[in-house]
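Asks: So that we are looking at the same thing, I have put the structure below in structure tokens.
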Amino acid sequence: DALFVDSTKPTVAVQIQTISVWLRKLIRLSTNIRPTPSVRSLSSDLAILNGIPLDEVVTLGNWSSAS
Numbered sequence: 003d004a005l006f007v008d009s010t011k012p013t014v015a016v017q018i019q020t021i022s023v024w025l026r027k028l029i030r031l032s033t034n035i036r037p038t039p040s041v042r043s044l045s046s047d048l049a050i051l052n053g054i055p056l057d058e059v060v061t062l063g064n065w066s067s068a069s
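Quick look at the structure:
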């Protein structure tokens, strides 16, 4: 009953590290920004672009400050 499974081993749940690698590869393919932005940074940017207040993004993203 895993949310993510390996296409070559559909009965085995995918490990967190594998999902992390998949996300980094997807980000690398989807942007020309170098060095590639982190998932944390991108998710914070998306939250702000979608109207989440900056103070909430800082708190929930465990950022030390808004700058």
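As numbered in my numbering, residues 3 to 69 make up the sequence shown, in order. From the three backbone atoms N, C-alpha and C, an ideal C-beta is built for every residue, glycine too.
Are the Cβ atoms of R30 and T20 separated by less than 7 Å?
Replies: For the purposes of this step, residue 30 is taken as residue 28 along the sequence shown, with counting starting at 1. For the purposes of this step, residue 20 is taken as residue 18 along the sequence shown, with counting starting at 1. It is not a contact, given that the beta carbons lie outside the stated cut-off.
Asks: For a test of the three-state rule: what should DSSP assign to T61, helix, strand or coil?
Replies: Along the sequence shown, one-based indexing puts residue 61 at 59. T61 falls in the helix class under three-state DSSP.
Asks: Go to T13, then tell me how far its beta strand (DSSP E) extends in each direction, as first and last residue.
Replies: Within the sequence shown, numbered from 1, the residue matching residue 13 stands at position 11. Segment K11 to A15, the beta strand (DSSP E) holding T13.
Asks: Quick one: is S46 buried, meaning 16 or more other Cβ sit within 10 Å of its Cβ, or exposed?
Replies: Walking along the sequence shown from the start, residue 46 turns up at place 44. S46 is buried by the Cβ-count criterion.
Asks: Helix, strand or coil: how does DSSP classify D8 here?
Replies: Working through the sequence shown from its first residue, we reach residue 8 at position 6. Correct three-state label for D8: strand.
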